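J.:
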Ligand SMILES: [Zn+2]
């Protein structure tokens, strides 16, 4: 009896069925055998699952999400129309101050929902500013430990109130000492009013703490493209290629195609990634063009039921589907090019890979991105952590782990 191993039989990978042996000690795939060749004995495993032909999908990576300021599990809160960014920031601060729960408790709820939907890795932006201090950040660092082995969590210290505007440089340093992995920033023009100084401050922090940089950029048009161009220059100057990203970057969809292509080439050369939540209510980066030019693009949920938006359900497969549909990706090749934007793993697992994946009822991976079937089962590090086989989670009553 191998108490530290489970087997999932009859898993569809491409067009064949396989039995996957999962090692619970290492959290990795120990064996992959064509189904039906040998009949595994139930006595040999801690648990035997029968997938009965369900399709294998790789675990999903949500590369832009806020764990600390959503209202999941809280009573419904009416929102107000967005007028100005400073006005919205005050509104958000008031709403967060009125919450009876700590960020840690709320983060638990959202992480549980993400696991249910097949996401096992995230990058989360956590608010820090002189008033809030490290209260959210310390909670998220604690929650990261609790979820270790099930959810890989990268933390961005995020000066939501403006890095310079809210005089957050010293609290950002504390956040980077306290466990944040990345330096965040937001609208160097629109909020800080000093594009170069704001960007330079971010990169100085990155160099001091050997941390990557991930900027929230909503600044529009040429203001935004100037900012991205400087961001790419600073990435090269700081030898940070491959470790920096611009999130949102709506401006790339607002300037002409020729202008955004030129900037895409610069992003590709400096290895700056673009993170998008695939907005459908405003222009967004031309993802086709970015991919053609070799820019890394990743998808994230961003806001889910918070002061900014009541929308979102933490289902990254659905978000990837929205991207494919929005850009008219209908051929097999186009549908498949969605996966690297929502997952860092392959559609075909190998022995030694981390045993993190979903099982869904779909004809194949192309069909799954188009149809967004429910996750029947989600495994992370070899353990069942989500999907219908696990527990059902109601959107108004999130079950705690
Ligand atoms: Zn965000």
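Numbering (full-length UniProt numbering), first residue to last: 1 to 401. Built from N, CA and C at the ideal position, the CB exists for glycine as well. Computed from a predicted structure; not experimentally measured.
(1) Kindly identify the DSSP beta-bridge partner or partners of residue 212.
(2) Return yes when the C-beta of residue 345 is under 7 Å from any heavy atom of ligand 1, and no when it is not.
(3) Pairing CB atoms from the region 64-71 with CB atoms from the region 290-305, are three or more of them under 8 Å?
(4) Roughly how many angstroms separate the alpha carbons of residue 286 and residue 381, rounded to a whole number?
(5) Residue 5 and residue 24 look like a contact to me (Cβ under 8 Å); what is the Cβ gap, rounded to whole Å?
(6) Is it true that the CB of residue 56 sits closer than 8 Å to the CB of residue 34?
(7) Considering only the alpha carbon of each residue, which of 128, 371, 241 lies closest to residue 320?
(8) Express the C-alpha separation of residue 176 and residue 208 in angstroms, rounding to a whole number.
(9) Is residue 302 near ligand 1, in the sense that its beta carbon is under 7 Å from a heavy atom of that ligand?
(10) Give me the residue from 312, 369, 86 with the minimum Cα distance to residue 166.
(11) Which of helix, strand or coil does DSSP assign to residue 274?
(12) Which same chain residues, not among the five before or five after residue 8, have their C-beta less than 6 Å away from its C-beta?
(13) If residue 89 and residue 160 are in contact, beta carbons under 8 Å, what's the gap, nearest whole angstrom?
(14) Would you check if the region 91-108 and the region 359-379 touch, i.e. whether three or more CB-CB distances between them fall below 8 Å?
(15) Let me check you understand the geometry: is the CB of residue 241 closer than 7 Å to at least one non-hydrogen atom of ligand 1?
(16) Measuring CB atoms only, is the region 336-344 touching the region 95-106, in the sense that at least three cross pairs come out at less than 8 Å?
(17) Ends of the alpha helix (DSSP H) at residue 173?
(18) Between which two residues does the alpha helix (DSSP H) holding residue 291 run?
T.: Looking at the coordinates:
(1) 182
(2) no
(3) yes
(4) 35 Å
(5) 7 Å
(6) no
(7) 371
(8) 10 Å
(9) yes
(10) 86
(11) strand
(12) 20, 49, 51
(13) 7 Å
(14) no
(15) no
(16) no
(17) 169-177
(18) 287-292
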